[in-house]
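Structure, as structure tokens:
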Amino acid sequence: MTSTTVRLAQKPDLDGPLPDVDMATQLAGADFINPILTASGCAAAGRELDQFFDVTTIGGVVTKSVMLHPRSGRPTPRMAETPSGMLNSIGLQGPGIDAFIDKDLAWLRERGATTVVSIAGGSVEEYAKVASKLRLVPGINAVEVNISCPNVESRGEVFACDPVAAAEVISAVRRSTASSIPVLAKLSPDVTDIVEVARAVVEAGANGLSVINTALGMVIDTDTMRPVLGGLTGGLSGPAIRPIAVRCVWQIHAAMPEVPILGMGGIRTGGDALQFILAGASAVSVGTAIFADPMAPARIRDELIRALHARGFGAVRDAVGYAHRAPDAESAPEEPNLVAFEDGEPELESDL
Ligand SMILES: Cc1cc2nc3c(=O)[nH]c(=O)nc-3n(C[C@H](O)[C@H](O)[C@H](O)COP(=O)(O)O)c2cc1C
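In our numbering, the protein residues as written are -19 to 332.
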């Protein structure tokens, strides 16, 4: 924390010009012009989003997890609505690493977008091979290692549920990746002790952590009396998982404050993004919100600027982990004031 004077939120001016807040942030040495990135699997490789806003004006694009070979994903139906979220069982559908490098990465590079490439694999060797393919490719700012996808045929493939397996993958990817490129390990909330997994992957060479992937869930159709999803289970995302995600970021930052965190899970507003940053994230990813509002990353960026300014922050980095400070009487919050939003979902009045 610098000498910034932080105060309880004033009502932000939603229509005026954007206040001057230094939004630059870093994740393990990778620079981002602001802390709002897309979440893997929710914006493909950014090309479609670029029709809605200039993707070079957000912190970065995190691409859909790519594997060694083309893959068709899991059986349909692959989406189900849930209260305050959605369940997906897309699986790791994709073109394979070679086509991804030729088409998607080439486009991102030409466009000048800050790019985090998400990789996945079915074995330690496959992860290492995918990482090696990226070694000499220019235009990659960081590699995110998806060890936590719940949409695999075998739960045994969810490396992030086992600290030893998770560490093996990260160690292999770290060895196969250029030393100048940070490696982020993406963790699953479906574990008893996320700090234990976080420690294991950091010791294995992860330079930062992406927190969290979807949580394993299921919906049953009461007419057919069968699971709705073709793959039976799926990954729960959206606001339903936000408190779990914030808790995970908080626990990891409390245990390892020096480890950079990319936070995600149900971020829909600048106020949501601020929660993650206050909990200890240096940047955040926006996923499910994009499906309802393709402008969401750009809107959330602007809302976050106003939210930081309204609280007296001159730079986003001063807010990282700010909620961990000792409570002081002066800024002790009163009972939150619940107000009903249009869709009937109660939100904290100080959401912005
Ligand atoms: C349709 C869909 C596809 C996803 N695909 C991936 C993926 O390929 N790799 C990955 O690491 N995470 C994937 N995720 C998880 C998101 O990146 C993110 O971690 C999670 O959805 C929580 O953020 P959100 O609530 O903002 O969506 C996917 C999520 C959704 C909804």
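We put the CB at the ideal spot given by N, CA and C, even for glycine.
With fewer than 16 neighbouring CB atoms inside 10 Å of its own CB, residue 37 falls in the exposed class. Residue 124 is bridged by DSSP to 98 and 164. Distance between residue 120 and residue 194, taken at the CA atoms: about 24 Å. Non-local beta-carbon contacts of residue 42 in its own chain, meaning distances under 7 Å to residues more than five positions away in sequence, involve 17, 18, 19, 20, 96, 98, 124 and 265 in chain order.
Using a Cβ distance threshold of 8 Å, residue 236 and residue 306 do not count as a contacting pair. Contact between residue 15 and residue 257 holds: CB atoms are separated by about 7 Å, below the 8 Å threshold. Relative to the Cα of residue 215, the nearest Cα in the group 86, 287, 131 and 149 belongs to 131. The residue from 272, 276 and 304 with its alpha-carbon nearest to that of residue 253 is 276. In the DSSP assignment, residue 151 falls within the unbroken alpha helix (DSSP H) covering 143 to 156. Annotation for residue 290: the continuous alpha helix (DSSP H) segment containing it runs 276 to 290.
With a cut-off of 8 Å on Cβ pairs, the stretch -7 to 2 is not in contact with the stretch 101 to 116, counting fewer than three such pairs. Counting the other CB atoms within 10 Å of its CB gives residue 31 a total below 16, which places it among the exposed residues. Remark: three or more beta-carbon pairs, one from each stretch, lie closer than 8 Å, so the stretch 59 to 72 and the stretch 200 to 209 are flagged as touching. DSSP places residue 216 outside any alpha helix (DSSP H); the residue lies instead in the beta strand (DSSP E), whose first and last residues are 214 to 217. Contact annotation: the stretch 182 to 198 touches the stretch 241 to 248, with at least three C-beta pairs closer than 8 Å. Of the heavy atoms belonging to ligand 1, at least one sits nearer than 7 Å to the Cβ of residue 98.
As summarised for the stretch 198 to 276, the continuous beta strand (DSSP E) elements at least 3 residues long and confined to that stretch are 214 to 217, 241 to 244 and 263 to 266, given in chain order. At a Cβ-Cβ threshold of 8 Å, residue 164 and residue 174 do not count as neighbours. In chain order, 139, 140, 146, 149, 165 and 166 place their CB closer than 7 Å to the CB of residue 127, counting only its own chain and leaving out the 5 sequence neighbours on each side.
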